[in-house]
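Numbering (my numbering), first residue to last: 132 to 511.
Just so you know, even glycine gets a beta-carbon here, dropped at the ideal spot from N, CA and C.
Predicted model only: the values in this text are computed from it and were never measured.
What follows is a short report on a single structure.
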Ligand SMILES: [Zn+2]
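Structure, rendered in structure tokens:
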């Protein structure tokens, strides 16, 4: 399928959103082909509805949008906060993670995929991103940093403050923060100074109409293993957020693993926090190290058509394991209705991707309107 691009226009950006309105070729394009436009897949465990042109063509007032951009193995979530016609209030644009750089064997050019997606869906080169959050110091999250800061004006850069001993991360952060500061942006490292970790610290990051909390952000691994941290140690420093809008809650869990999930469950059971939600970005790309049944039972206490789990993963093999794992899909399927697990990997059915097309064709759009209606679909 041909790529579709927005043509230049003088209309306000929020009225344009749509990618599907205009077509032109661009060297920025990555593979965004999609083989089948039926409404649903055939019942694979990560199938779900496809977005209609109407879903993509306009961004109505008083709606919260979350785009889980298909960067292959990695994360990149673009959040558009509600805008109000009557109050002349603009939407905020926040990016959580930048995808991988593509420089690591077996990974995708995630930063380029993110830039391409944002440009096709309403942002212009050089336009403002209100915040860029790098959840933790792993390449599948920070690798695309330079692509982002060189393409958009980032008003605020945030990471948890722990570099995990990664020279690659230190270098990428250094380049990014220099560019942010050159454009008079703000750098917030660590994410929550002096609070390690901080449960449910309110943040205005998502504007005044989306109530949001920092669910987790650790300046050092909770395990205490700072000098030679494992992947798990670094994952458990992830900045995670809860967003509330229209009586719905969304949990963005970074790569948090079961050790932190257990702490959040304990806090929930003590009544300190409420994990019950409608939408989650499943932790750690659907790895078996996250999404434990006890955690999911607090988030989704009963099955509902309004509840969805989103998995951001690719075909990269980790010692023979690809994500999401069958264990995680089983745990999620136990608490969600059919077709309510969507994955950028999209493992099953006619949508199954051939090797080499592991990124760019299973973006996921979640829409929550002001009445609390929640819809999720595969975008492209
Ligand atoms: Zn990751």
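Look at residue 389 here: in three-state DSSP terms it is helix.
Going by C-alpha positions, residue 255 is about 8 angstroms away from residue 249. A Cβ-Cβ separation of about 18 angstroms leaves residue 470 out of contact with residue 201 under the 8 angstroms criterion.
Assignment of residue 322 by DSSP, reduced to helix, strand and coil, places it in the coil class. With contacts defined as CB atoms closer than 8 angstroms, residue 385 and residue 398 fail to qualify as a contacting pair.
The residues 344, 404, in chain order, have a CB closer than 6 angstroms to that of residue 331 in the same chain once the five nearest residues on each side in sequence are set aside.
Where residue 198 is concerned, the enclosing beta strand (DSSP E) starts and stops at 194 to 199. When secondary structure is reduced to three states using DSSP, residue 433 falls in the coil class, being assigned neither helix nor strand. Scanning 319, 406, 422, 238 for the CA closest to the CA of residue 449 turns up 238. Sixteen is the threshold: when 16 or more other Cβ atoms of the shown chains lie within 10 Å of the Cβ of residue 223, as they do, the residue is buried. The continuous alpha helix (DSSP H) containing residue 249 extends over residues 241 to 251. Around the beta carbon of residue 434, a 10 Å sphere encloses fewer than 16 other beta carbons of the protein chains shown; the residue is thus reported as exposed. Here residue 234 is exposed: its Cβ has fewer than 16 other Cβ atoms, across all protein chains shown, within 10 Å. By the CB criterion at 8 angstroms, residue 296 and residue 231 fall outside the cutoff.
Between residue 284 and residue 263, the beta carbon gap of about 10 angstroms keeps them out of contact (Cβ cut-off 8 angstroms). The DSSP-derived three-state label of residue 272 is helix.
Considering only 176, 391, 311, the residue with the shortest C-alpha distance to residue 369 is 391. Within the stretch 275 to 355, the complete alpha helix (DSSP H) segments at least 4 residues long are 276 to 282, 298 to 313, listed from N- to C-terminus.
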